[in-house]
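Engineer:
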Amino acid sequence: MLKGKEATEKPDFKATSIRRIGAAILYGMLASIGINFFLVPAKVYSSGITGLAQLLSKILTDYIHLNLSISTLILLLNLPLVFLSWKKLGSSFTCYSLISVIASSIFLKIVPVMTITTNPLVAAIFGGGLCGMGVGICLRYGLSTGGVDIIAVVIQLATGRKVGQLGFLVNGMILIVAGFLYGWELALYSIIAIYVNAHMVDFFHTRQQKMTVTIITKKSEELEEALTSKFIHGVTVIDHGYGLYTKEPVKMYITVVSKYELFYLEAFVQEADSKAFVNVQQTTDLVGNFRQI
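Residue numbering for the sequence shown follows my numbering, starting at 11 and increasing by one per position.
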């Protein structure tokens with residue numbers, strides 16, 4: 011019986027791992043094209059750690075004559091954050107996030123810097139859009155692209171407070187320093203790139219959107235063990251249900267999660283019962299205590 015259970019679960023985990031690794035690699039490709047084809051030639055800056063790496067690379071080259079590539083700086087800036095993630099967020103989340111960081115660094119080395127357009131507005135729109143698309147795809151499959159996201163999640167788990175302002179602070183610092191050193195016009199174009207980036211992230215993955223999830227399973231003990239050990243939200247249990255045709259007893263579980271967490275919940279359910287029925291509905295309004303992440 012145990013062998014049968016393992017046989018049904020292994021393909022699910024394997025497929026999940028392949029999708030997440032594929033998302034990390036796709037992010038690396040999209041981000042490198044957005045940066046090397048559009049943002050770098052136009053001297054427009056991206057958001058977060060990527061934008062900080064762009065700015066530091068430029069400053070080190072111009073003022074200290076130290077040539078460190080953007081890809082190298084992205085890796086160096088993320089290393090302490092990856093260690094923090096490993097200690098606070100666990101090995102699985104960290105390993106997949108590290109793959110996305112390494113993928114972006116490798117593709118930034120492989121993809122040549124090429125001027126597609128000399129128009130900084132066009133460069134900001136397409137460069138920011140491609141980077142945001144890659145980030146959104148990563149978030150959809152439950153992994154981070156490193157950087158500011160890791161700090162935000164760690165602080166939020168420790169304090170229970172939202173720290174969405176952290177990204178604005180980092181981006182604001184990048185824009186102010188870039189404006190003073192290299193002119194305010196390009197810094198203003200960078201605001202457009204950052205805005206488009208954020209819009210594309212929301213298009214592919216809206217973290218703030220809430221989803222109501224209904225789970226019907228015959229393996230209630232396994233599911234409850236998975237939820238109590240790994241899930242942070244409350245769950246309502248409806249007992250003594252049964253299948254209309256099979257007459258077999260089932261239990262129903264109802265909870266609300268953000269779209270950011272939906273991937274993790276689905277993984278927990280698959281681990282406990284690969285044949286569970288899961289219904290996901292968009293939640294338009296929410297009243298009461300809901301723990302944000």
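Beta carbons: idealized from backbone N, C-alpha and C, even for Gly.
Do you know whose CA, among 143, 250, 266 and 88, lies nearest residue 259's CA?
Structural biologist: It is 250 whose Cα lies nearest to the Cα of residue 259.
Engineer: What is the DSSP secondary structure of residue 274, reduced to helix, strand or coil?
Structural biologist: Residue 274: helix per DSSP, three-state reduction.
Engineer: Could you pull the DSSP bridge partners for residue 287 from this structure?
Structural biologist: According to DSSP, which records beta bridges pairwise, residue 287 is partnered with 226.
Engineer: Helix, strand or coil: how does DSSP classify residue 257 here?
Structural biologist: Coil at residue 257, not helix or strand.
Engineer: Would you give the residue range spanned by the alpha helix (DSSP H) that residue 209 belongs to?
Structural biologist: Counting along the chain, the alpha helix (DSSP H) containing residue 209 begins and ends at 194-214.
Engineer: Identify the continuous beta strand (DSSP E) that holds residue 252 and give its terminal residues.
Structural biologist: Element bounds for residue 252: 246-252.
Engineer: According to DSSP, is residue 221 helix, strand or coil?
Structural biologist: Reduced to three states, the DSSP call for residue 221 is strand.
Engineer: Which runs of the alpha helix (DSSP H) spanning at least 4 residues fall entirely within the segment 45-109, listed in chain order?
Structural biologist: For the segment 45-109, whole alpha helix (DSSP H) runs of length 4 or above, ordered along the chain, are 58-69 and 80-98.
Engineer: By the DSSP assignment, the alpha helix (DSSP H) with residue 139 in it spans what residues?
Structural biologist: Per DSSP, residue 139 belongs to the alpha helix (DSSP H) from 130-150.
Engineer: Measure the CB-CB distance between residue 62 and residue 85 and report whether it falls below 9 Å.
Structural biologist: It is not a contact, given that the beta carbons lie outside the stated cut-off.
Engineer: Which one or two residues does DSSP pair with residue 263 in a beta bridge?
Structural biologist: 225 and 247, per the DSSP bridge assignment.
Engineer: With H, G and I counted as helix, E and B as strand and the rest as coil, what does DSSP make of residue 155?
Structural biologist: Note: residue 155 maps to coil in three-state DSSP.
Engineer: Would residue 39 and residue 139 be called neighbours here (beta carbons separated by less than 9 Å)?
Structural biologist: No; because the gap between Cβ atoms is not below 9 Å, this pair is not in contact.
Engineer: CA-CA distance, residue 238 and residue 203?
Structural biologist: Approximately 41 Å between the Cα atoms of the pair.
Engineer: Just to confirm my understanding: we take residue 51, look at its own chain, exclude 5 residues before and 5 after, and list those with CB closer than 6 Å. What are they?
Structural biologist: The residues are 125.
Engineer: How many Å lie between residue 263 and residue 43 at the Cα?
Structural biologist: Each residue's Cα considered, the two are about 44 Å apart.
Engineer: Count the other CB atoms, across all protein chains shown, that sit within 10 Å of the CB of residue 195; report buried if there are 16 or more and exposed otherwise.
Structural biologist: When all chains shown are included, residue 195 counts as exposed.
Engineer: For a test of the three-state rule: what should DSSP assign to residue 238, helix, strand or coil?
Structural biologist: Residue 238: helix per DSSP, three-state reduction.
Engineer: Using DSSP with H/G/I as helix, E/B as strand and the rest coil, what is residue 26?
Structural biologist: Of the three classes helix, strand and coil, the one that applies to residue 26 here is helix, per DSSP.
Engineer: Quick check: the Cα distance between residue 109 and residue 236, rounded to an integer number of angstroms?
Structural biologist: In a straight line, the C-alpha of residue 109 is about 26 Å away from that of residue 236.
Engineer: Is it the case that the Cβ atoms of residue 41 and residue 26 are separated by a distance below 9 Å?
Structural biologist: No. Outside cutoff.
Engineer: To the nearest angstrom, how far is the alpha carbon of residue 192 from that of residue 104?
Structural biologist: Those two C-alpha atoms are separated by around 35 Å.
Engineer: Is it buried or exposed for residue 304, if we count other Cβ within 10 angstroms and need 16 for buried?
Structural biologist: In the structure as shown, the chain begins at 11 and stops at 303. Residue 304 is therefore absent and cannot be evaluated.
Engineer: One question on the structure: do residue 98 and residue 164 come within less than 9 Å of each other, judged by their Cβ atoms?
Structural biologist: It is a contact, given that the beta carbons lie within the stated cut-off.
Engineer: If you count every other CB in all the chains shown that lies within 10 Å of the CB of residue 276, and 16 or more means buried, which is it?
Structural biologist: Residue 276 should be labelled buried.
Engineer: Give the DSSP bridge partners of residue 292, in chain order.
Structural biologist: Looking at the DSSP assignment, residue 292 forms a beta bridge with 221.
Engineer: Output needed for residue 279: all residues of its chain with C-beta closer than 7 Å, excluding positions within five of it in sequence on either side, in chain order.
Structural biologist: Once the five neighbours on either side are set aside, the close Cβ partners of residue 279 are 225, 233, 286 and 288.
Engineer: How many whole angstroms separate the CB atoms of residue 229 and residue 162, which I take to be in contact at a CB cut-off of 8 Å?
Structural biologist: About 35 Å separates the two Cβ atoms, so there is no contact after all.
Engineer: Measure the alpha-carbon distance for residue 54 versus residue 197 and round it to whole angstroms.
Structural biologist: Cα to Cα, the separation comes out at about 7 Å.
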